[in-house]
Amino acid sequence: MSGKHPYLYEPTTAITDFIIGLLGMAFGWQLFNIPDSLFHFLWGNCFFAVGIGGLLGGISHGFGPRFSELLKKIIWRSTLIFVGVTGLSLSLAALTFFTNDKVQNLLMIIAALMLIFYFIQINKQDTFGQAVKFYFPLIVVSLFGFSIAYVTTGYLGALFCSIGLVVSLVASWIQVSGISLHQHFNHNDLFHMIQILGMVLMYRGGMEIPVF
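So for the sequence shown, this note's numbering puts the first residue at 302; every next one is plus one.
Here it is as structure tokens:
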């Protein structure tokens with residue numbers, strides 16, 4: 302592969318990862334600019350975490366074979382950490398619809414402790430399976446939270462966020478299942494493209510939700 306792509310080892314996967322990275326940063330910045338809203342702060346943090354994870358993934362897929370084993374491990378574990386940050390940000394954002402300031406502060410402390418525990422687990426066993434076990438329940442909490450928020454508040458944005466989360470779950474299933482459309486467009490590439498659609502839906506949803 303290095304002979305065909307001397308500068309970029311997995312071009313399609315790396316490029317789609319970089320697109321996710323740039324979109325995550327752009328979406329996160331727009332959400333961060335909404336003042337006096339814990340929800341939008343957490344939702345923006347989610348996109349920043351996804352964006353950083355995407356950039357790290359692009360670096361790994363594009364240039365990883367050139368790196369030392371230590372650098373590969375650092376990039377991989379950092380990617381897994383940002384997967385955890387994404388899941389926590391998603392669930393915390395969804396729970397803001399139903400909690401007051403005191404409960405939200407308590408949830409922040411719990412989330413910090415969960416992240417520390419997750420970090421310890423990743424250092425013991427840095428497999429994608431560990432990330433999935435941590436991330437998936439948080440996604441489920443988020444999906445239920447936004448679905449209930451749509452029913453109780455009527456916020457169209459909550460519906461978009463729910464649909465975006467379902468799309469993201471489908472994308473994750475495709476990645477795990479290994480479905481590929483072409484030898485130059487594998488399961489990772491398909492996952493990335495569907496994930497981008499999920500990101501757009503969740504971003505639109507977040508922007509539609511008013512400050513509350």
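In this text, a Cβ means the ideal position worked out from N, Cα and C, and glycines have one as well.
Practice prompt. List the endpoints of the continuous alpha helix (DSSP H) containing F447.
Written response: Residue 447 sits at position 146 when you count from the first residue of the sequence shown. Looking at the DSSP string, the run of the alpha helix (DSSP H) that includes F447 is 429 to 454.
Item to complete: Would you check if the distance between the CB atom of V471 and the CB atom of I495 is smaller than 8 Å?
Response: Translated into positions along the sequence shown, residue 471 becomes position 170. Translated into positions along the sequence shown, residue 495 becomes position 194. Yes; because the gap between Cβ atoms is below 8 Å, this pair is in contact.
Practice prompt. Measure the Cβ-Cβ separation of L517 and L389 and say whether it is below 8 Å.
Written response: With the chain covering 302 to 513 only, the question about residue 517 has no answer from this structure.
Fill in: Selection from S473, W377, V512 that minimises the alpha carbon distance to S361
For this step, residue 361 is matched to residue 60 along the sequence shown. The option with the nearest alpha carbon to S361 is W377.
Worksheet item: alpha helix (DSSP H) containing Y308: first to last residue?
Response: To locate residue 308, count along the sequence shown from 1; it is residue 7. No alpha helix (DSSP H) contains Y308, which DSSP labels as neither H nor E.
Item to complete: Compare the beta carbon distance of L357 and T387 with 8 Å and say whether it is the shorter of the two.
Response: Residue mapping note: residue 357 aligns to position 56 of the sequence shown, counting from 1. Residue mapping note: residue 387 aligns to position 86 of the sequence shown, counting from 1. No; because the gap between Cβ atoms is not below 8 Å, this pair is not in contact.
Worksheet item: Start and end of the alpha helix (DSSP H) containing N489?
Response: If you number the sequence shown from 1, residue 489 lands on position 188. Here the alpha helix (DSSP H) through N489 covers 488 to 509.
Discussion item. Quick check: the Cα distance between S463 and L396, rounded to an integer number of angstroms?
Written reply: Position 162 of the sequence shown, counted from the start, is the residue given in the question as residue 463. Position 95 of the sequence shown, counted from the start, is the residue given in the question as residue 396. Between S463 and L396, the C-alpha separation is close to 13 Å.
Discussion item. Less than 8 Å between the beta carbons of G465 and L502, yes or no?
Written reply: Within the sequence shown, the letter at position 164 stands for residue 465. Within the sequence shown, the letter at position 201 stands for residue 502. For G465 and L502, yes; Cβs fall inside 8 Å.
Worksheet item: In whole angstroms, what is the alpha-carbon distance linking F349 and L332?
Response: As a first step, residue 349 must be located in the sequence shown, where it is residue number 48. As a first step, residue 332 must be located in the sequence shown, where it is residue number 31. Roughly 10 Å between the two C-alpha positions.
Worksheet item: What is the DSSP secondary structure of F513, counted as helix, strand or coil?
Response: In the sequence shown, residue 513 corresponds to position 212, counting from 1. Correct three-state label for F513: coil.
Practice prompt. Could you check what DSSP says for F398 in three-state terms: helix, strand or coil?
Written response: The sequence position of residue 398 within the sequence shown is 97, counting from 1. DSSP places F398 in coil when its eight states are reduced to three.
Item to complete: Specify the secondary structure class of Q331 as computed by DSSP and reduced to three states.
Response: What you label residue 331 is simply residue 30 of the sequence shown in a count that begins at 1. Looking at Q331 - three-state DSSP - the assignment turns out to be helix.
Fill in: Buried or exposed by the 16-neighbour rule on C-beta atoms within 10 Å, applied to G355
Against the sequence shown, residue 355 aligns to sequence position 54. Label assigned to G355: buried.
Worksheet entry | Pairwise C-alpha distance: Y419 and L339 | Mapped onto the sequence shown, residue 339 falls at position 38. Mapped onto the sequence shown, residue 419 falls at position 118. Computed Cα separation, rounded: 24 Å.
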